[in-house]
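Written out below as structure tokens is the structure these notes cover.
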Amino acid sequence: MKKASICKLCDKVCELLLEESNVQPVQTPVTVCGDIHGQFVTLNSLKLICRAHQLVNEGYKFMFDEKLVTVWSAPNYCYRCGNIAAVLSFSDPDHREAKLFRAVPDTFNRFELRILSLALFYSTMTSNMGI
């Protein structure tokens, strides 16, 4: 592929990406190497990146010089992971506190009993109907 074609393709891709609402335009050239999170934070004038929806057994986990935190808010995920959950509370951008909580004891968890009850009900209904 010729250089002119590659440049044209790159320009088109750039146009498409800038139409996305979640893309942050930055001035080029941008060199990304080594501490990618640190560079992203600096380029975008951020103090902290918070993310969720990845299981963290401790409920939350700071990484990359505490510039990235993962928070998981589902205790004992799927009733089998045994993890702690957390909510990150901010009093201002520089002060944060992790509030940890555990799942309720299984004696309070009626989900499995409901499933068993439904299975028993279904089994009874189908056998009574000759299915």
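Residue 1230 is where the sequence shown starts when you use this note's numbering, and the numbers rise one by one after that. For every residue, glycine included, the Cβ atom is placed at its ideal position computed from N, Cα and C. Computed from a prediction, not measured in an experiment: that's the story for all the values here.
Limits of the unbroken alpha helix (DSSP H) element including residue i
i, result
"LEU1317", "That residue, LEU1317, is in no alpha helix (DSSP H); its beta strand (DSSP E) goes 1314-1321."
DSSP state of residue i mapped onto helix, strand, coil
i, result
"ALA1303", "coil"
"ALA1327", "strand"
"ALA1281", "strand"
"LEU1297", "strand"
"LYS1290", "strand"
"CYS1243", "helix"
"SER1268", "The amino acid at residue 1268 is misidentified as Ser; the sequence shows Gln. Reduced to three states, the DSSP call for GLN1268 is helix."
"GLN1332", "At residue 1332 the sequence reads Ala, which differs from the Gln that was named. Of the three classes helix, strand and coil, the one that applies to ALA1332 here is coil, per DSSP."
"LYS1361", "A query on residue 1361 cannot be resolved here, the shown segment of the chain reaching from 1230 to 1360 and no further."
"CYS1236", "helix"
Proximity of residue i and residue j at Cβ, strictly below 7 angstroms
i, j, result
"LEU1297", "ILE1278", "yes"
"TRP1301", "VAL1285", "yes"
"SER1238", "VAL1255", "A quick correction: the sequence has Leu, not Ser, at residue 1238. For LEU1238 and VAL1255, no; Cβs fall outside 7 angstroms."
"ARG1325", "THR1299", "no"
"PRO1304", "ALA1327", "no"
Residue i, buried or exposed, once every other Cβ within 10 Å from all chains shown has been counted against 16
i, result
"TYR1289", "buried"
Where the beta strand (DSSP E) through residue i begins and ends
i, result
"LYS1276", "Per DSSP, LYS1276 belongs to no beta strand (DSSP E) and is neither H nor E."
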